[in-house]
Structure formats: C-alpha cells, structure tokens
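Asks: In our numbering, the protein residues as written are 5 to 185. What follows is a single structure, and I will ask about it in a moment.
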C-alpha cells in the first residue's frame with residue numbers, strides 16, 4: 005500500500021521537519037543538490053526523477069538545538085538524457101520559533117549555473133519577489149504558489165505545521181492544459 009508523506013512526516017522524531025513530495029509530469033529531473041541553512045537531510049532526494057513519477061525526501065532539525073529545518077533543494081532540468089534547460093529550485097523554511105517566524109516556500113526556474121548555497125537561500129528568502137525574479141515565494145499556509153517561464157511551470161503548497169508537508173508539481177506549459185473542456 006505504500007507510505008503517505010503525512011505518515012513519513014509524523015514518523016520523524018523531531019518537532020520541526022519537512023517532507024517534500026515532487027511530482028514530475030513531463031521533463032527529466034537529474035543531479036540534485038542540497039543546501040541546509042539549519043537542520044539536515046534525513047531521507048535524501050531521489051537522484052533522478054523520471055517523467056510521470058512522484059518521489060519524496062525529508063529534512064529535519066538537528067536534535068537538541070533551537071533551530072528548524074531550512075534550506076534549498078535543486079534539480080537540473082533535462083529535455084532528454086543530455087540537454088539541460090535550467091535548474092528547478094525549491095526553498096523550504098520550517099522555523100524553530102513560531103513566535104517570530106513562519107513556514108515559507110519558494111519555487112523557481114534558474115539558469116543551470118546557479119550555485120546551491122547561502123547566497124541563493126538569502127535571495128529566495130529575503131529579496132522582494134518582483135516580475136523579473138525567476139521564482140515565486142509564499143507563506144507555508146496551505147495555499148498554492150506557482151512560477152512559470154512560459155515553457156516550464158512549477159507549482160507547490162506547504163502546510164503551516166512544525167511537521168510540514170510540501171507538495172511540488174513540475175510541468176511543461178503544454179501538458180498543464182485542462183483535460184476536459
């Protein structure tokens with residue numbers, strides 16, 4: 005029967021974690037990179053996410069510390085086995101102290117040369133989101149966000165809980181047309 009991402013999140017032995025489910029509808033996601041500002045990767049991402057598949061990974065706070073699970077996950081986007089068209093970037097923040105902070109997520113499509121590091125995290129978390137930014141950002145409050153390049157679209161939601169669930173969908177623009185008209 006499998007294990008749901010909610011079950012995975014609830015089985016992690018910390019009060020601050022995120023399980024990220026990525027559903028890839030069209031292109032190939034390859035060669036992931038991870039940057040954690042706080043916490044660590046508990047269950048690593050799948051190295052390759054093929055077309056029409058769903059995979060999950062998890063990040064959690066470090067035990068006995070007053071920090072959360074905060075960081076970035078990136079994947080190289082391939083149209084086939086060797087042609088790169090960009091980098092899928094997923095930012096997550098599940099803070100330790102909800103008196104000061106809230107859950108946040110950001111989704112974007114960057115050039116493949118982008119570094120997965122603290123500088124990128126700060127850009128995604130702090131910089132104002134404008135029309136010329138290659139990402140969308142929102143509070144992890146259950147509502148969805150989306151970012152589109154015109155050819156590729158990434159959509160996502162994040163729960164507001166300390167044991168957070170994040171769902172990300174990755175599309176090309178043509179495949180997200182309605183099935184029924």
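Note that CB positions come from ideal geometry on N, CA and C, so glycine has one too.
Quick one: Cα of residue 158 to Cα of residue 142, how far?
Replies: Distance between the alpha carbons of residue 158 and residue 142: 13 Å.
Asks: Give me the DSSP bridge partner(s) of residue 176.
Replies: Residue 176 pairs with 156.
Asks: Residue 16 by DSSP, collapsed to three states: which one?
Replies: Residue state, collapsed to three classes: coil.
Asks: Going by DSSP in three states, residue 39 sits in which element: helix, strand or coil?
Replies: Reduced to three states, the DSSP call for residue 39 is strand.
Asks: Sorted by chain position, which residues of the same chain lie with C-beta nearer than 6 Å to residue 64's C-beta, five sequence neighbours on each side aside?
Replies: Excluding sequence neighbours, residue 64 sits near 16, 18, 21, 43, 46 and 73.
Asks: Is residue 113 near the ligand ATP, in the sense that its beta carbon is under 8 Å from a heavy atom of that ligand?
Replies: By its list of ligands, the structure shown contains no ligand whatsoever, and the ligand ATP lies outside what it can speak to.
Asks: Might you give, ordered along the chain, the residues of its own chain that have their beta carbon closer than 6 Å to the beta carbon of residue 112, omitting 5 neighbours on each side?
Replies: Within the same chain, residue 112 has close Cβ partners 93, 138, 139 and 151.
Asks: Cα separation between residue 76 and residue 121?
Replies: So the two alpha carbons sit approximately 8 Å from each other.
Asks: With distances taken between CB atoms, is the gap from residue 35 to residue 55 smaller than 9 Å?
Replies: No, Cβ-Cβ distance for residue 35 and residue 55 is not below 9 Å.
Asks: Starting from residue 91, follow the alpha helix (DSSP H) in both directions and report where the run begins and ends.
Replies: Taken as a continuous stretch (DSSP letters only), residue 91 belongs to no alpha helix (DSSP H), being part of the beta strand (DSSP E) at 88-98.
Asks: Please return the same chain residues whose Cβ sits closer than 6 Å to the Cβ of residue 40, not counting the five positions on each side in sequence.
Replies: Taken in chain order, the residues that qualify are 75.
Asks: Out of 95, 163, 166 and 103, point me to the one whose CA is closest to residue 131's CA.
Replies: Of the listed residues, the one whose Cα sits closest to residue 131 is 95.
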